[in-house]
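The opening position of the sequence shown corresponds to residue 6 in the working numbering, with each subsequent residue numbered one higher.
For every residue, glycine included, the Cβ atom is placed at its ideal position computed from N, Cα and C.
Computed from a prediction, not measured in an experiment: that's the story for all the values here.
Presented below is the structure to which this report refers.
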Amino acid sequence: MVTALAALTGAPALAATGTSPRAPQKVAKTSADDRIARAARGTATQAAARTAASSTAFASRVTARAVTFTDTAGKKWAPRPVTFGTRKQSTRLVGQDVTRTTQDALYQVNAWGVKGYSLPVPAPGTYTVRILTAEDTFDRAGKRVFDVVAEKRTVGSRVDIAKAVGRGAAHDIVARVPVTDGRLDLSFVKRVDEPLVAAIEVTGTVPAHLAAGPAPTQAVRFAPGNVFTTRVDTAPLAPNSAAAAAKLTKQVQNHWGGTAGVSAYAYGVGFNVAPRGTKRITIGFHDCQKKKHIPSGLYDGAKHFVSVPVPADATPAAGTDAEMTIYDPAADQMWDFWQMRRNTTTRAWEACWGGRIDKVSTVTRPAFENYFGASASGLAVAGGMITVEDMLRGRIDHAMSISLIDVARWDKVSWPASRSDGISTDPDAIAEGQRIRLDPALDLDRLQLTPFARMVAEAAQKYGFIVMDKGGAVAVATEAGDLAKRRTGQNPWDTFLAGPAYDALAGFPWQHAQILPMHYGRP
Numbered sequence: 006m007v008t009a010l011a012a013l014t015g016a017p018a019l020a021a022t023g024t025s026p027r028a029p030q031k032v033a034k035t036s037a038d039d040r041i042a043r044a045a046r047g048t049a050t051q052a053a054a055r056t057a058a059s060s061t062a063f064a065s066r067v068t069a070r071a072v073t074f075t076d077t078a079g080k081k082w083a084p085r086p087v088t089f090g091t092r093k094q095s096t097r098l099v100g101q102d103v104t105r106t107t108q109d110a111l112y113q114v115n116a117w118g119v120k121g122y123s124l125p126v127p128a129p130g131t132y133t134v135r136i137l138t139a140e141d142t143f144d145r146a147g148k149r150v151f152d153v154v155a156e157k158r159t160v161g162s163r164v165d166i167a168k169a170v171g172r173g174a175a176h177d178i179v180a181r182v183p184v185t186d187g188r189l190d191l192s193f194v195k196r197v198d199e200p201l202v203a204a205i206e207v208t209g210t211v212p213a214h215l216a217a218g219p220a221p222t223q224a225v226r227f228a229p230g231n232v233f234t235t236r237v238d239t240a241p242l243a244p245n246s247a248a249a250a251a252k253l254t255k256q257v258q259n260h261w262g263g264t265a266g267v268s269a270y271a272y273g274v275g276f277n278v279a280p281r282g283t284k285r286i287t288i289g290f291h292d293c294q295k296k297k298h299i300p301s302g303l304y305d306g307a308k309h310f311v312s313v314p315v316p317a318d319a320t321p322a323a324g325t326d327a328e329m330t331i332y333d334p335a336a337d338q339m340w341d342f343w344q345m346r347r348n349t350t351t352r353a354w355e356a357c358w359g360g361r362i363d364k365v366s367t368v369t370r371p372a373f374e375n376y377f378g379a380s381a382s383g384l385a386v387a388g389g390m391i392t393v394e395d396m397l398r399g400r401i402d403h404a405m406s407i408s409l410i411d412v413a414r415w416d417k418v419s420w421p422a423s424r425s426d427g428i429s430t431d432p433d434a435i436a437e438g439q440r441i442r443l444d445p446a447l448d449l450d451r452l453q454l455t456p457f458a459r460m461v462a463e464a465a466q467k468y469g470f471i472v473m474d475k476g477g478a479v480a481v482a483t484e485a486g487d488l489a490k491r492r493t494g495q496n497p498w499d500t501f502l503a504g505p506a507y508d509a510l511a512g513f514p515w516q517h518a519q520i521l522p523m524h525y526g527r528p
């Protein structure tokens, strides 16, 4: 028993002789419970080390400035995002000492009238949100008051910067915010005057394998490596790139006040997703082009107008084109319709033209066969539309559709387009299907762009534009906001553009556009 106990406790064994043992040397006694506790601590330490090794720090920082900003600690802060919902910027504190901080410059430029902020996060978890502010106008309490809501929970009630710290002093609002849906959403609720934000920092710890965030996604799940997700930042240029780009610049400069358009409120893409089980119907044909017959292929052959899953709240884009795209992920099908409408008498859906693509997830060149579809180029309009999700994610991970005023004649078509409605015989006219990019070497931080224009410029350097149509203006195509407005009462582009669509691309550097060769990327 003695020997057994010694083995368990770590004490030296006593001789089992019946005589009095010699007094043992003094030793540190360790009980069985101590041994178990020490082992447990070791196990916990190892587990913590494994957790630390499999986790990594996450940090996202944005500023109210229009350009990237590096603070005195070497941390980079991205330009103001579209989800701020404002283009208004206050620089009243620039050149002044901002008290209560050593990072004066971070607080010297404020976004005024901020409505919200959205940030995709890599994983569910609790994140630390730090909102940096500095009152630049008022020195009395009650002149500017607002609430801060994070994930539908108020984290800053009746924020009054002047009351808290006075004018020209740094004031941070810090909260721990659980996020479960993959996106952190903040809103700023006006009480008196307008919310003021200098910067926002979000930090946390996430699993290492998720640190990069979700992979880029498209509104329609085309095949990986499709023409819209092909990067062009290292692509060669067309031999006549300079001349063609100069003509493109003139198209912008000579029309509509010298600014390219954004089709957020009219002539966009009426994008509708059909839920599984949506009732399928036949689309009627209305002869807007005076064909005086029903074209083949609509109700026979491929039957493009037959068995279409139109959602109950389906909404075409505003404008005479009344474009409507219907995407059925479960069936792996997509339809583009042109001049889609409800019959004024029967209320049944009808369209002047359209088409269907089957097995869209296997398609690398999303183009309609023959003359079906809705775009002049034959390409699926949803492939290049700038989406609401792009705005919420803070980046555009695909080529963008663009329409030009002057397009090469219809018999000069560039892959991936299948056709054209161009009429220009100018040898330097850009063809439908041809790609345009913004010079990748251009330093965007030298430009004072709107938040939307900055996002477009970043994508134009990586993915470029694809000429989709000929139109009355040089314009980029977006997902129409009509459906969202119908569902929520608010058009999301009111926030994302934070002003009129006609000047959302003000200052865009078209003079740095580059034209890629005809048929670039064709297998």
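Quick check on residue i: buried or exposed, where buried means 16 or more other Cβ atoms within 10 Å of its Cβ?
i           : result
residue 244 : exposed
residue 309 : buried
residue 44  : In this predicted model, residue 44 has a pLDDT of only 46, less than 50, meaning its place in the structure is not dependable; the value taken from the coordinates is given anyway. It counts as exposed.
residue 122 : buried
residue 527 : exposed
residue 510 : buried
residue 277 : buried
residue 480 : buried
residue 421 : buried
residue 459 : buried
residue 127 : buried
residue 404 : buried
residue 428 : exposed
Just reading off the alpha helix (DSSP H) that residue i is part of, what are its end residues?
i           : result
residue 501 : 498-502
residue 457 : 456-467
residue 257 : 246-258
residue 493 : 487-493
residue 396 : 393-398
residue 507 : Segment: none, residue 507 is in no alpha helix (DSSP H) and carries neither H nor E.
residue 109 : 109-113
Just reading off the beta strand (DSSP E) that residue i is part of, what are its end residues?
i           : result
residue 211 : 204-212
residue 67  : 60-68
residue 359 : 358-363
residue 139 : 130-139
residue 338 : 338-343
residue 87  : Per DSSP, residue 87 belongs to no beta strand (DSSP E) and is neither H nor E.
residue 124 : 121-125
residue 378 : Looking at the DSSP string, residue 378 is not in any beta strand (DSSP E), and its letter there is neither H nor E.
residue 275 : 275-278
residue 151 : 150-155
residue 453 : Element bounds for residue 453: n/a, residue is neither H nor E.
residue 325 : Here residue 325 belongs to no beta strand (DSSP E), and DSSP marks it neither H nor E.
residue 520 : 518-520
residue 443 : 440-443
Since residue i sits in a beta bridge, which residues does DSSP pair it with?
i           : result
residue 174 : 104
residue 81  : 75
residue 2   : Because residue 2 is not part of the residues shown, which for the chain are 6 to 528, the question remains open.
residue 384 : 372
residue 217 : In the DSSP output, where bridge partners are listed per residue, residue 217 has none listed.
Please name the residue, chosen from the options, that lies closest to residue i on a Cα-to-Cα basis.
i           : options            : result
residue 424 : 472, 411, 443      : 472
residue 137 : 144, 113, 129      : 113
residue 340 : 347, 331, 346      : 331
residue 168 : 437, 278, 141, 467 : 141
residue 87  : 210, 467, 397, 356 : 397
residue 446 : 507, 163, 406, 518 : 518
residue 173 : 108, 186, 523, 130 : 108
residue 146 : 125, 379, 333, 164 : 164
residue 329 : 360, 475, 337      : 360
residue 525 : 139, 296, 231      : 231
residue 234 : 242, 213, 224      : 224
residue 273 : 406, 59, 152, 333  : 406
residue 346 : 315, 337, 370, 364 : 315
Anyone know if the C-beta pair for residue i and residue j falls short of 8 Å?
i           : j           : result
residue 529 : residue 440 : Limits of the chain in this structure are 6 at one end and 528 at the other, which puts residue 529 out of reach.
residue 182 : residue 134 : yes
residue 391 : residue 483 : yes
residue 202 : residue 69  : yes
residue 76  : residue 116 : no
residue 478 : residue 270 : no
residue 434 : residue 448 : no
residue 71  : residue 453 : yes
residue 2   : residue 437 : In this structure the chain extends from 6 to 528, so residue 2 is not present and cannot be described.
residue 124 : residue 192 : no
residue 212 : residue 60  : yes
residue 487 : residue 171 : no
residue 335 : residue 362 : no
residue 130 : residue 209 : yes
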